[in-house]
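Residue numbers (our numbering): -15 to 199.
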């Protein structure tokens, strides 16, 4: 008699990364958004600019403090500080080096203000969340790829390019067959449906352009 053999256990397959992302986005889209304030954009920590600013400021303050302590201890001031004080006292305001230095300082100050007042992380798009304590983002390149796949499923589209900016989505498609006006209408519907599935907290304005491509 032949022995009864147990069937081999089915091998569990892990879902692909894009499937997991799609399921997560669909679950977030089904959940109601938090009432009150809209989902905020994530703020960049800006560690490199903050570290560079702190390092340069600390180094300049340390060198100046060291020279002041030397003067208080009875020694002469450093040659660079004496020369700097003389140049600032004697050079007129219309001197080219004074103007260049003032322009550099103004640009650095404006750069620091921009870095402090802007969110950064422009490659991350915030998603709708059920409450204010939950934050979810979608990578901009991933969103562009999903929208491009949706555009390529429209009949008549042979090539598509999607670019997501701060408040605008630009879609360009090449049409091989069908009327361009019909393809444009179907393309807009498909992209808007895909945007709804992405569940973006601030959906950008969609702009669709098509052009015929004949062999």
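C-beta: ideal position from N, C-alpha, C; glycine also.
- Separation of residue 41 and residue 139 (C-alpha to C-alpha, rounded to the nearest whole angstrom) is 60 angstroms.
- Rounded to the nearest angstrom, the gap between the Cα atoms of residue 86 and residue 110 is 39 angstroms.
- Within the stretch 140 to 188, the runs of beta strand (DSSP E) at least 3 residues long that lie entirely inside it are, in chain order, 141 to 148, 152 to 159.
- Contact annotation, residue 61 with residue 55: C-beta distance approximately 5 angstroms; criterion of less than 8 angstroms satisfied.
- Excluding its 5 nearest sequence neighbours in each direction, residue 167 has C-beta neighbours in its own chain below 6 angstroms: 140, 159, 194, listed in chain order.
- Using a Cβ distance threshold of 8 angstroms, residue 135 and residue 157 count as a contacting pair.
- Of the candidates 108, 89, 125, 127, the residue whose Cα lies closest to the Cα of residue 119 is 108.
- Our two residues, residue 133 and residue 149, have alpha carbons roughly 18 angstroms apart in a direct line.
- Annotation: the continuous beta strand (DSSP E) that includes residue 110 extends over 108 to 110.
- With the rule of 3 Cβ pairs closer than 8 angstroms, the stretch 86 to 103 does not count as touching the stretch 63 to 74.
- By the criterion of a C-beta distance shorter than 7 angstroms, residue 151 is surrounded in its chain by 188, 189, once the five residues flanking it on both sides are discounted.
- Taking a contact as a CB-CB distance under 8 angstroms, the pair residue 155 and residue 175 counts as one, their CB atoms being some 6 angstroms apart.
- Along the length of the stretch 62 to 98, whole alpha helix (DSSP H) runs at least 4 residues long occupy 63 to 74, reported in chain order.
- Here residue 47 is exposed, its C-beta having fewer than 16 other C-beta atoms within 10 Å.
- In the same chain as residue 82, and ignoring 5 residues on each side of it, the C-beta atoms closer than 8 angstroms to its own belong to 75, 76, in chain order.
- By the neighbour-count definition (other C-beta atoms within 10 Å, threshold 16), residue 32 is an exposed residue.
- Apart from sequence neighbours up to five positions away, the residues of its chain that approach residue 161 with a beta-carbon distance below 6 angstroms are 140, ordered along the chain.
- The stretch 27 to 65 contains, as complete alpha helix (DSSP H) runs of 4+ residues, the segments 31 to 56 (chain order).
- For residue 178 against residue 122, the beta-carbon gap comes to about 12 angstroms, at or over 8 angstroms, which does not count as contact.
- Per DSSP, reduced to three states, the secondary structure at residue 197 is coil, with no helix or strand assignment.
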